[in-house]
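2 protein chains.
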Amino acid sequence: MAEVKLLGFWYSPFTHRVEWALKLKGVKYEYIEEDRDNKSSLLLQSNPVHKKVPVLIHNGKPIVESMVILEYIDETFEGPSILPKDPYDRALARFWSKFLGDKVAAVVNTFFRKGEEQEKGKEEVYEMLKVLDNELKDKKFFVGDKFGFADIAANLVGFWLGVFEEGYGVVLVTSEKFPNFSRWRDEYINCSQVKESLPSRDELLAFFRARFQAVVASISAPK
Amino acid sequence: MAEVKLLGFWYSPFTHRVEWALKLKGVKYEYIEEDRDNKSSLLLQSNPVHKKVPVLIHNGKPIVESMVILEYIDETFEGPSILPKDPYDRALARFWSKFLGDKVAAVVNTFFRKGEEQEKGKEEVYEMLKVLDNELKDKKFFVGDKFGFADIAANLVGFWLGVFEEGYGVVLVTSEKFPNFSRWRDEYINCSQVKESLPSRDELLAFFRARFQAVVASISAPK
Numbered sequence: 001m002a003e004v005k006l007l008g009f010w011y012s013p014f015t016h017r018v019e020w021a022l023k024l025k026g027v028k029y030e031y032i033e034e035d036r037d038n039k040s041s042l043l044l045q046s047n048p049v050h051k052k053v054p055v056l057i058h059n060g061k062p063i064v065e066s067m068v069i070l071e072y073i074d075e076t077f078e079g080p081s082i083l084p085k086d087p088y089d090r091a092l093a094r095f096w097s098k099f100l101g102d103k104v105a106a107v108v109n110t111f112f113r114k115g116e117e118q119e120k121g122k123e124e125v126y127e128m129l130k131v132l133d134n135e136l137k138d139k140k141f142f143v144g145d146k147f148g149f150a151d152i153a154a155n156l157v158g159f160w161l162g163v164f165e166e167g168y169g170v171v172l173v174t175s176e177k178f179p180n181f182s183r184w185r186d187e188y189i190n191c192s193q194v195k196e197s198l199p200s201r202d203e204l205l206a207f208f209r210a211r212f213q214a215v216v217a218s219i220s221a222p223k
Numbered sequence: 001m002a003e004v005k006l007l008g009f010w011y012s013p014f015t016h017r018v019e020w021a022l023k024l025k026g027v028k029y030e031y032i033e034e035d036r037d038n039k040s041s042l043l044l045q046s047n048p049v050h051k052k053v054p055v056l057i058h059n060g061k062p063i064v065e066s067m068v069i070l071e072y073i074d075e076t077f078e079g080p081s082i083l084p085k086d087p088y089d090r091a092l093a094r095f096w097s098k099f100l101g102d103k104v105a106a107v108v109n110t111f112f113r114k115g116e117e118q119e120k121g122k123e124e125v126y127e128m129l130k131v132l133d134n135e136l137k138d139k140k141f142f143v144g145d146k147f148g149f150a151d152i153a154a155n156l157v158g159f160w161l162g163v164f165e166e167g168y169g170v171v172l173v174t175s176e177k178f179p180n181f182s183r184w185r186d187e188y189i190n191c192s193q194v195k196e197s198l199p200s201r202d203e204l205l206a207f208f209r210a211r212f213q214a215v216v217a218s219i220s221a222p223k
């Protein structure tokens, strides 16, 4: 019997991507919530390089990095395709997934760092939003008319970013500045493929509010 | 007739990855050398987001990001497989490719920046070498016994890094500090799959020596 385990944090967009893909495929799995301050030995053994979630364990073998896991899930399990069929469309989906992946540090720096790092992060987030605003003009999904790989990769900017903005008390995305991205984000959050999979916004907001306060407190303290 | 064009820089490890993959597959292509100070309109139109090489143009359609292009080449053209066949091995290959991709900025900062950025880059390069030294113990290739995707992604650390060290006059990799990595690198450069594809070391060295001097000169000048 195929045994599938997922080690994750419930509030992590990267864990969410994997859960989302498993649900799309209809794969039964055991979810194990990790504690970031006390990671399990299973996590540390399964991802010795990064010691991070998510980790998918399939028949005892660990796979790490959310989008690498998504490729694995798509290649391994039956069910609807996550990547498009056409090689050129697959390349587009992987391109946007990489683009979004490359901006994770900028988003993190904007909300979880201070000073120069934060300012640089914010600048890079604005650059990213400019690109996305241009790309998502008249578009609902990243590739063709079909929900898939890149749309799952977009959960950080499509959902978590808005939670961060509200929790942190800073607005980066306005419909004046980024009209296409704003419209896309509203549609993203409310479209059936996405809506059903997202965690509770209120619970996430409460969680990140507390995290932001802890970060601010640790930065205010003398080094 | 399938028409394949590659826009690149001859000295770029990322361009080299794509050339390597095309040659492995036996794909005929037209190579177009770009000028970094005067990029062609074909390049700017083909990669409007990053405006960078390499760009593969297949039947008029552009594909960008070296490892995304490799996936495309593997899915589109006949010939020996670049990614392994088994989904788990594919995931390992993609993991190492991503790991190496995530360290590009650190390598660049170590050799092409100064001050704090350079110091942070160097620290991160040492961390990377530690991980690779551990991973490559008793290994010739990254996944199984077969040359492929991750080994192509490793060209930056397997070949260019040594050129940078010599050109810049700094040694990061010693066989005392990183014995497994050193042994792997020697084998990598000399194994038939790799050796035949690499550009001339002397020409690269001359090119990067001049680049490093220009960088140092621009940094010494008052801002």
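Going line by line, the protein sequences match chains F and U.
Mapping the first sequence onto the UniProt record's numbering, position 69 (from 1) lands on 69, and the numbers just tick up by one.
Mapping the second sequence onto the UniProt record's numbering, position 28 (from 1) lands on 28, and the numbers just tick up by one.
All C-beta atoms, glycine included, are put in the ideal place defined by N, C-alpha and C.
Every value quoted in this text rests on a predicted model; they were computed, and no experiment measured them.
Could you give the distance in angstroms between the alpha-carbon of Pro54(F) and the alpha-carbon of Ala206(U)?
-> By one-based count along the first sequence, residue 54(F) stands at place 54. By one-based count along the second sequence, residue 206(U) stands at place 206. Each residue's alpha carbon lies about 44 Å from the other.
Would you say Lys98(F) reaches chain U, if we count a Cβ-Cβ gap shorter than 9 Å as a contact?
-> In the first sequence, residue 98(F) corresponds to position 98, counting from 1. Yes, Lys98(F) counts as interfacial toward chain U.
Within 9 Å, strictly: CB atoms of Ala91(F) and Ile63(U) | By one-based count along the first sequence, residue 91(F) stands at place 91. By one-based count along the second sequence, residue 63(U) stands at place 63. Their beta carbons are under 9 Å apart, which means Ala91(F) touches Ile63(U) by this criterion.
Give me the Cβ distance between Gly169(U) and Asp89(U), rounded to the nearest whole Å; I'm assuming they're in contact under 8 Å.
-> Locating residue 169(U) in the second sequence gives position 169, counting from the first residue. Locating residue 89(U) in the second sequence gives position 89, counting from the first residue. Not really, about 39 Å apart at Cβ, beyond 8 Å.
Within this structure, are the beta carbons of Lys39(U) and Lys23(U) separated by less than 9 Å?
-> The count along the second sequence starts at 1 and reaches residue 39(U) at position 39. The count along the second sequence starts at 1 and reaches residue 23(U) at position 23. No, Cβ-Cβ distance for Lys39(U) and Lys23(U) is not below 9 Å.
Mind reading off the beta-carbon distance from Glu65(F) to Phe95(U)? Whole number of angstroms is fine, and I expect it under 8 Å.
-> Residue mapping note: residue 65(F) aligns to position 65 of the first sequence, counting from 1. Residue mapping note: residue 95(U) aligns to position 95 of the second sequence, counting from 1. With a beta-carbon spacing of about 6 Å, Glu65(F) and Phe95(U) fall inside the 8 Å limit used to define contacts.
Using the beta-carbon of each residue, which ones in chain U are nearer than 9 Å to Glu65(F)?
-> Here residue 65(F) is taken as the residue at index 65 of the first sequence, counted from 1. Among the residues of chain U, those whose CB is under 9 Å from the CB of Glu65(F) are Ala91, Arg94, Phe95, Lys98, Phe99, following chain order.
CA-to-CA distance, Cys191(U) to Gly158(U), given in whole angstroms | One-based indexing of the second sequence puts residue 158(U) at position 158. One-based indexing of the second sequence puts residue 191(U) at position 191. Roughly 12 Å between the two C-alpha positions.
Can you tell me which of the three DSSP states Pro54(F) falls into?
-> Locating residue 54(F) in the first sequence gives position 54, where the first residue counts as 1. The answer is coil: DSSP assigns Pro54(F) none of H, G, I, E or B.
With a CB to CB cut of under 8 Å and the five nearest residues on each side skipped, what residues in its chain are close to Met1(F)?
-> Counting from one through the first sequence, the residue named residue 1(F) turns up at place 1. In this prediction, Met1(F) scores a pLDDT of 46, lower than 50, which makes its location untrustworthy; no coordinate-derived value is stated.
Using a Cβ-Cβ cut-off of less than 7 Å, list which residues of the region 67-83 of chain F approach chain U; keep chain order.
-> Val68, Glu71, Tyr72, Glu75, Thr76
May I ask you to verify whether the region 170-187 of chain U touches the region 130-142 of chain U, counting CB pairs closer than 8 Å and requiring at least 3?
-> yes
Span of the beta strand (DSSP E) around Tyr31(F) = Taking the first sequence and counting its residues from 1, one reaches residue 31(F) at position 31. First-last of the beta strand (DSSP E) with Tyr31(F): 30-33.
Cβ of Arg185(U) within 9 Å of Cβ of Gly162(U)?
-> Your numbering for residue 185(U) matches position 185 in the second sequence. Your numbering for residue 162(U) matches position 162 in the second sequence. Closer than 9 Å, so yes.
In terms of residue numbering, what span does the beta strand (DSSP E) encompassing Gly8(F) cover?
-> By one-based count along the first sequence, residue 8(F) stands at place 8. Its beta strand (DSSP E) spans residues 4-8.
Given a threshold of 16 other Cβ atoms within 10 Å of its Cβ, counted over all protein chains shown, does Arg17(U) qualify as buried or as exposed?
-> By 1-based counting over the second sequence, the position of residue 17(U) is 17. The residue is buried, with at least 16 neighbouring Cβ atoms inside 10 Å.
Taking buried to mean at least 16 other C-beta atoms within 10 Å of its own C-beta, is Ser41(U) buried or exposed?
-> Reading the second sequence from its first residue, position 41 is the one you call residue 41(U). Burial call: exposed.
Taking Ile63(F) as part of the beta strand (DSSP E), name the residues at either end of that continuous run.
-> Looking up residue 63(F) in the first sequence gives position 63. Run containing Ile63(F): 61-64, per the beta strand (DSSP E) assignment.
Under the three-state reduction of DSSP, which class applies to Lys223(F): helix, strand or coil?
-> Translated into positions along the first sequence, residue 223(F) becomes position 223. Its pLDDT being 48, under 50, Lys223(F) is placed unreliably in this model, and the coordinates cannot settle the point.
Give the interface partners of Lys61(F) over in chain U, defined as CB-CB distance under 7 Å, in chain order.
-> On the first sequence, position 61 is the one that residue 61(F) refers to. Within 7 Å Cβ-Cβ: Tyr88.
Nearest residue (CA-CA) to Val4(U), options Gly60(U), Leu129(U), Thr174(U) | Locating residue 4(U) in the second sequence gives position 4, where the first residue counts as 1. For the residues Gly60(U), Leu129(U), Thr174(U), the minimum Cα distance to Val4(U) belongs to Gly60(U).
Beta carbon of Leu172(U), beta carbon of Lys122(U): below 9 Å?
-> By 1-based counting over the second sequence, the position of residue 172(U) is 172. By 1-based counting over the second sequence, the position of residue 122(U) is 122. Lys122(U) sits close to Leu172(U), with the two beta carbons spaced by under 9 Å.
What is the DSSP secondary structure of Leu136(F), counted as helix, strand or coil?
-> As a working mapping, residue 136(F) is identified with position 136 in the first sequence. Of the three classes helix, strand and coil, the one that applies to Leu136(F) here is coil, per DSSP.
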